[in-house]
Amino acid sequence: MSLSSPGPVLALLSEHAPAPPIHITQENLADAALDFLERYLHVFTVARAWLTHAYARAALFSVHTHTLEPEISEQHPVCHGPNAIVAALLTLPPNMTLCNWLPGTGGGGAKQHKALWDVGCVPGSASGDVLVACYAVQEYARSPRKDRKGKGKQKEKQKERAELPAARTARWSIEQRFVLRRREQDAGGGQGEGSEADRIAAALWPLVAVSHQMRVRELL
Numbered sequence: 001m002s003l004s005s006p007g008p009v010l011a012l013l014s015e016h017a018p019a020p021p022i023h024i025t026q027e028n029l030a031d032a033a034l035d036f037l038e039r040y041l042h043v044f045t046v047a048r049a050w051l052t053h054a055y056a057r058a059a060l061f062s063v064h065t066h067t068l069e070p071e072i073s074e075q076h077p078v079c080h081g082p083n084a085i086v087a088a089l090l091t092l093p094p095n096m097t098l099c100n101w102l103p104g105t106g107g108g109g110a111k112q113h114k115a116l117w118d119v120g121c122v123p124g125s126a127s128g129d130v131l132v133a134c135y136a137v138q139e140y141a142r143s144p145r146k147d148r149k150g151k152g153k154q155k156e157k158q159k160e161r162a163e164l165p166a167a168r169t170a171r172w173s174i175e176q177r178f179v180l181r182r183r184e185q186d187a188g189g190g191q192g193e194g195s196e197a198d199r200i201a202a203a204l205w206p207l208v209a210v211s212h213q214m215r216v217r218e219l220l
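This is the structure in structure tokens:
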């Protein structure tokens with residue numbers, strides 16, 4: 001799947017949301033899951049903090065990261081609940097995006113993405129949950145590493161700066177697995193009753209993630 005560039009954040013406002021909240025039949029579940037994936041990737045790219053309503057009340061999130069400079073591999077603590085999950089998403093590298101940037105949106109040199117996806121039902125799920133797997137590779141401009149500190153006279157410092165290598169192209173390899181459930185079947189999720197914000201959230205995210213696993217690797 002090659003995802004298009006994200007629309008402006010204004011697309012998340014109420015006038016752009018369907019109403020009333022969507023009721024998803026079993027036959028339409030796969031299409032709805034792909035809609036969730038595309039919207040999630042777009043919102044992550046332009047405004048991660050807006051993803052709170054994409055998660056179930058008791059959602060779980062785990063992320064494993066591997067960076068090259070410095071070379072660190074880390075399994076982060078499991079997060080529970082939308083607020084903790086979004087806080088964890090905000091700690092991921094700011095130049096890590098999940099879909100293509102529009103020109104002028106401040107994408108930090110991100111290039112085209114290549115994405116693969118698959119959808120399937122969760123065996124034995126009484127709620128009819130659906131599993132979505134997504135693999136993407138994002139290219140970006142990596143700043144050159146400074147192996148030496150400037151010393152000596154001003155002329156020598158200028159020579160060292162001139163000898164610094166140009167920015168390199170590196171890649172993020174991003175694997176994700178979501179378990180999605182209809183919002184009305186999520187305990188405490190409701191179908192958009194309550195505040196206007198709740199109704200908008202139900203329309204934008206008729207499916208919510210009850211589990212989300214992410215594995216991020218930096219590649220040369």
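Residue numbers for the sequence shown follow full-length UniProt numbering, so the first one is 1 and each next one is one higher. Beta carbons are placed, not taken as given, at the ideal position from N, Cα and C, and that holds for glycine.
Mapping the DSSP letters down to three states, classify residue i as helix, strand or coil.
i, result
"Asp-118", "strand"
"Thr-52", "helix"
"His-76", "coil"
"Glu-38", "helix"
"Leu-98", "coil"
"Leu-219", "strand"
"Thr-65", "strand"
"Ala-136", "strand"
"Thr-169", "strand"
"Ala-58", "strand"
"Ala-32", "helix"
"Gly-108", "Confidence is the limiting factor: at Gly-108 the pLDDT is only 47, short of 50, which leaves the residue's position unreliable, though a coordinate-based value still follows. Correct three-state label for Gly-108: coil."
"Ala-203", "helix"
"Ala-47", "coil"
"Ala-197", "helix"
"Ala-88", "helix"
"Met-214", "strand"
Using only CA atoms, which one of the options lies nearest to residue i?
i, options, result
"Gln-138", "Ala-115, Pro-206, Ser-73, Gln-185", "Ala-115"
"Cys-79", "Leu-89, Val-216, Asn-28, Arg-39", "Leu-89"
"Ala-133", "Ala-32, Leu-37, Ala-49", "Leu-37"
"Pro-206", "Ile-72, Val-63, Gln-185", "Gln-185"
"Pro-93", "Ser-127, Arg-48, Trp-117", "Arg-48"
"Asp-35", "Tyr-140, Gln-213, Val-208", "Val-208"
"Met-96", "Ser-195, Arg-199, Arg-183, Ala-170", "Ala-170"
"His-66", "Trp-172, Val-86, Arg-177, Ser-195", "Trp-172"
So, for residue i: in the same chain, excluding its five sequence neighbours on each side, which residues have a beta-carbon less than 6 Å away from its beta-carbon?
i, result
"residue 225", "The question about residue 225 has no answer, for the chain in this structure spans 1 to 220."
"Gly-120", "Leu-131"
"Phe-127", "Before going on, a small fix: residue 127 reads as Ser here, not Phe. Arg-181, Gln-185, listed in sequence order."
"Asp-118", "Ala-133"
"Ser-62", "Val-78, Gln-213"
"Gln-75", "His-64"
"Arg-183", "Gly-189, Ala-202, Pro-206, Val-208"
"Arg-177", "Ala-133, Gln-213"
"Leu-29", "Val-130"
Could you tell me if residue i is buried or exposed, where buried requires 16 or more neighbouring beta carbons within 10 angstroms of its beta carbon?
i, result
"Leu-204", "buried"
"Glu-69", "exposed"
"Glu-218", "buried"
"residue 225", "Here the chain comprises residues numbered 1 to 220, so residue 225 is not present and cannot be evaluated."
"Lys-82", "Per the sequence presented here, residue 82 reads as Pro, with Lys not at that position. Result: buried."
"Asp-31", "exposed"
"Ala-33", "buried"
"Ile-72", "exposed"
"Leu-10", "Per-residue confidence for Leu-10 stands at a pLDDT of 33, beneath the threshold of 50, marking its modelled position as unreliable; no derived number is given."
Whose C-beta lies closer than 7 Å to the C-beta of residue i among residues of the same chain, with five residues either side of it excluded?
i, result
"Leu-98", "Leu-41, Phe-44, Thr-45, Ala-136, Ile-174"
"Ala-201", "His-53"
"Arg-215", "His-64, Glu-175"
"Val-122", "Asp-129, Val-130, Leu-131, Val-179"
Can you find the residues in the same chain that come closer than 8 Å, C-beta to C-beta, to residue i, ignoring five residues on each side of it along the sequence?
i, result
"Ala-87", "Cys-79"
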